[in-house]
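Okay, so here's the structure we're looking at.
Right under this line is the structure:
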């Protein structure tokens with residue numbers, strides 16, 4: 004570890020060398036006291052620091068206020084720390100590398116001639132997006148603030164929800180090139196220590212040059228990297244993060260992204276939404292049931308339709324069969340081809356809708372709805388019923404956003420299976436997925452908990468949400484500590 | 375996990391898979407099949423069997439859905455003969471453009487001549503195959519052929535057999551026809567001491583172009599074993615249905631106890647019958663108890679029928695009327711040596727030893743069978759008025 008050189012000249016040379024061609028790096032030489040005997044140099048990155056703070060809390064005290072103090076008999080470091088500098092966060096650094104990293108993080112570092120120690124002042128202040136309602140998890144009732152790209156703000160938003168010293172934020176720096184700040188958040192005394200340790204260990208083992216988004220971290224710490232199902236959750240909302248923390252989960256915040264990771268992530272969480280807890284339990288339970296049904300529909304409806312049309316015509320009621328037969332009359336493709344074609348078309352539309360500039364958005368909906376829906380039917384390429392099946396599938400796929408693209412894969416695999424073997428194939432592929440789900444674990448917790456293994460009290464927050472006053476335990480599948488939510492003396 | 379849980383899970387999974395696997399045949403797209411809505415079986419020359427199917431034409435349905443007038447009919451019939459039903463069925467393919475889907479056959483019509491020869495040999499194909507709709511209604515074409523009936527057009531709706539099936543349901547709900555499903559018919563045929571009765575369809579008008587409305591769909595054909603024996607009129611059919619507890623609703627007109635020249639209409643709301651048998655002096659006596667419930671729905675003349683005394687009288691009248699109807703039906707069956715009521719079956723279950731003795735010449739025994747009918751009637755509602763409005 005390189006020490007900070009005593010001589011200012013030396014330090015200046017070193018800094019110039021490190022920050023060569025970094026024109027946003029600012030270095031300012033000033034002197035302390037009336038007789039200019041103590042030379043001081045401050046370094047910071049332009050744009051990363053709050054200039055007001057640098058001016059008022061560093062430059063002004065050193066250059067002007069110091070005149071009022073007798074400097075003769077004092078240790079300058081002590082003097083600066085204890086009497087002069089009015090900045091609220093001040094740390095001593097001894098390593099030159101640390102000083103460089105601090106400057107790059109938006110701190111201002113003060114080098115003093117004749118000392119091996121420099122002072123690091125937290126002057127972080129850059130332009131950021133204001134706190135807004137996130138697009139991904141919008142609610143009718145509930146807090147509308149969402150995380151932003153600035154880590155400090157995000158931490159504060161969680162802290163504001165959980166005013167408790169047991170809420171721990173542990174900092175790590177990840178990414179050899181980017182030096183990204185990553186925080187591991189958990190509530191001590193609630194979170195399972197084993198899980199917290201595992202998170203720390205997995206984060207420490209990440210070897211990558213850059214962490215630009217929490218998705219980078221997610222891929223490194225997942226339990227089942229090749230599984231279709233996500234084993235790490237993400238949220239954009241501080242209230243969700245706080246709720247997860249209170250359930251004993253660990254939240255990983257990453258600088259530069261509004262998406263926080265939550266672990267362990269269980270399958271049931273893809274059916275839960277923050278609003279379930281803010282609205283009355285009848286409504287919440289109804290919505291949960293609807294979401295569950297929607298998940299089943301979006302994964303199996305096209306497959307079941309193909310199975311019915313191609314294999315089990317005898318199961319369809321006679322009059323419905325006549326309807327379907329009439330609408331399929333003259334369609335040159337098999338039901339499977341039709342379902343595949345429509346399914347893929349919908350994915351095209353969806354991806355185009357996400358990726359395209361907003362003003363062109365309308366064009367896509369017109370092309371999608373009119374050309375592909377209406378015209379395909381009147382051209383006799385697709386049957387009416389297939390359009391309905393696809394539309395229903397598409398609508399239902401938006402109801403469990405955290406599963407995301409998983410449902411698309413499930414749908415296609417089920418579709419293929421049912422085209423080969425009818426309902427038998429559909430059953431086989433669903434059974435295979437069920438077995439796979441049961442084999443998954445997220446940070447040691449079985450993915451399908453609380454259903455398998457059955458955890459009685461945890462079922463109160465699954466397909467039916469019990470009233471708040473009846474859900475008095477934390478999910479036992481995640482933590483065994485301090486499970487009684489109503490007992491405050493633990 | 376304990377091994378027994380594993381075992382149970384495996385068993386459940388196995389069940390789940392095998393249950394859903396039934397009916398799985400092969401991948402055959404709906405647009406490549408022709409849906410058969412009805413099937414008819416007749417006796418053809420040279421002791422052959424003529425199979426008629428009524429096929430649905432989806433493209434005509436489609437244009438009907440879109441509001442256009444279609445040049446094609448929504449259904450058409452195909453006939454082919456063969457020595458067996460299966461052969462005839464295969465022969466159909468030489469004319470039909472697609473494979474024929476039999477699973478949705480609503481009605482199976484059997485021609486009179488074939489019915490007189492016996493029906494089991496043609497029903498075997500349907501019972502054996504996995505493509506039979508076991509809930510299809512069976513009808514006997516009286517005085518005509520099934521082919522004739524199936525070629526009639528419907529003025530209501532596109533597909534005549536749907537119209538026909540609805541008519542059967544209507545007639546069944548007023549107790550005028552013996553509605554029997556394929557699976558029930560097979561059950562009755564297989565029961566010793568029970569002869570089946572099947573609903574009847576006949577053409578009543580003699581016109582050039584016939585429609586469904588020109589058909590009479592009522593009554594029943596009584597079978598002796600599997601051979602057609604005689605016909606039952608709608609009223610006689612109702613007598614049989616009373617014994618079988620298959621009356622869901624019926625209209626009984628009885629003389630008004632206050633003014634016997636006019637009528638009172640009783641609507642039967644529910645009727646439950648119980649047949650029991652006892653051996654008296656070595657010969658069986660059948661007791662038929664009918665519990666009937668009805669409402670007064672119409673009264674042709676004045677007079678207060680809502681008083682308890684009048685209601686009592688009405689009950690008596692109803693009981694007599696029903697008992698007479700039932701007696702006539704049973705007597706007719708017994709006279710023809712037909713066990714439509716399943717007396718033999720009853721005896722078989724209650725007194726097996728006795729049954730084993732008599733089953734050899736049960737036909738003869740039938741003519742000597744004694745039976746008692748006890749009807750207890752109840753009148754629930756008299757409607758919204760006490761007495762009719764009379765001109766004053």
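Chains as they are written, first to last, in our numbering: chain A, 4 to 493; chain B, 375 to 766. The beta-carbon is built from N, C-alpha and C at its ideal position, and this holds for glycine as well.
Nearest-angstrom Cα separation, counted from residue j out to residue i
i: residue 595 of chain B; j: residue 381 of chain A; result: 50 angstroms
i: residue 484 of chain A; j: residue 191 of chain A; result: 10 angstroms
i: residue 290 of chain A; j: residue 62 of chain A; result: 58 angstroms
i: residue 496 of chain B; j: residue 558 of chain B; result: 16 angstroms
i: residue 551 of chain B; j: residue 714 of chain B; result: 14 angstroms
i: residue 279 of chain A; j: residue 307 of chain A; result: 30 angstroms
i: residue 677 of chain B; j: residue 482 of chain B; result: 49 angstroms
i: residue 748 of chain B; j: residue 641 of chain B; result: 19 angstroms
i: residue 610 of chain B; j: residue 702 of chain B; result: 7 angstroms
i: residue 147 of chain A; j: residue 266 of chain A; result: 23 angstroms
i: residue 463 of chain A; j: residue 296 of chain A; result: 18 angstroms
i: residue 82 of chain A; j: residue 476 of chain A; result: 53 angstroms
i: residue 459 of chain A; j: residue 443 of chain A; result: 20 angstroms
i: residue 729 of chain B; j: residue 738 of chain B; result: 13 angstroms
i: residue 124 of chain A; j: residue 57 of chain A; result: 9 angstroms
i: residue 491 of chain B; j: residue 601 of chain B; result: 6 angstroms
i: residue 612 of chain B; j: residue 744 of chain B; result: 21 angstroms
Buried versus exposed, by CB contacts within 10 Å (16 or more), residue i
i: residue 119 of chain A; result: exposed
i: residue 332 of chain A; result: buried
i: residue 226 of chain A; result: buried
i: residue 682 of chain B; result: exposed
i: residue 2 of chain A; result: Since the first and last residues shown for chain A are 4 and 493, residue 2 of chain A lies out of range.
Short CB-CB distance (under 8 angstroms) between residue i and chain B
i: residue 454 of chain A; result: no
i: residue 242 of chain A; result: no
i: residue 417 of chain A; result: no
i: residue 384 of chain A; result: no
i: residue 436 of chain A; result: no
i: residue 330 of chain A; result: yes
i: residue 407 of chain A; result: no
i: residue 300 of chain A; result: no
Within-8 angstroms CB hit, residue i to chain A
i: residue 546 of chain B; result: no
i: residue 391 of chain B; result: yes
i: residue 541 of chain B; result: no
i: residue 477 of chain B; result: yes
i: residue 407 of chain B; result: yes
i: residue 435 of chain B; result: yes
i: residue 467 of chain B; result: no
Residue i vs residue j beta-carbon contact at 8 angstroms
i: residue 740 of chain B; j: residue 651 of chain B; result: no
i: residue 418 of chain B; j: residue 478 of chain B; result: no
i: residue 470 of chain B; j: residue 415 of chain B; result: no
i: residue 109 of chain A; j: residue 127 of chain A; result: yes
i: residue 431 of chain B; j: residue 450 of chain B; result: yes
i: residue 624 of chain B; j: residue 672 of chain B; result: no
i: residue 599 of chain B; j: residue 719 of chain B; result: no
i: residue 510 of chain B; j: residue 555 of chain B; result: yes
i: residue 79 of chain A; j: residue 16 of chain A; result: no
i: residue 111 of chain A; j: residue 47 of chain A; result: yes
i: residue 187 of chain A; j: residue 202 of chain A; result: yes
i: residue 244 of chain A; j: residue 254 of chain A; result: yes
i: residue 98 of chain A; j: residue 10 of chain A; result: no
i: residue 513 of chain B; j: residue 572 of chain B; result: yes
i: residue 183 of chain A; j: residue 224 of chain A; result: no
i: residue 70 of chain A; j: residue 482 of chain A; result: no
Proximity test, residue i beta-carbon vs the ligand COA heavy atom, cut-off 7 angstroms
i: residue 406 of chain A; result: Among the components modelled here there is no ligand, and therefore nothing to report on the ligand COA.
Meets three-Cβ-pair contact criterion under 8 angstroms: the stretch 684-691 of chain B and the stretch 645-657 of chain B: Pairwise C-beta distances place the stretch 684-691 of chain B out of contact with the stretch 645-657 of chain B, as fewer than three of them are shorter than 8 angstroms.
Is the stretch 225-238 of chain A touching the stretch 407-426 of chain A, taking contact as three or more C-beta pairs under 8 angstroms? yes
Should the stretch 299-316 of chain A be called in touch with the stretch 148-164 of chain A, which here means at least 3 C-beta pairs below 8 angstroms? no
Contact the stretch 256-276 of chain A vs the stretch 141-158 of chain A: 3+ CB pairs below 8 angstroms: Output reads yes: the stretch 141-158 of chain A touches the stretch 256-276 of chain A.
Would you call the stretch 325-343 of chain A in contact with the stretch 351-365 of chain A, where contact means no fewer than 3 C-beta pairs closer than 8 angstroms? no
Pairing CB atoms from the stretch 321-328 of chain A with CB atoms from the stretch 431-439 of chain A, are three or more of them under 8 angstroms? no
Are three or more beta carbon pairs between the stretch 744-761 of chain B and the stretch 658-669 of chain B nearer than 8 angstroms? yes
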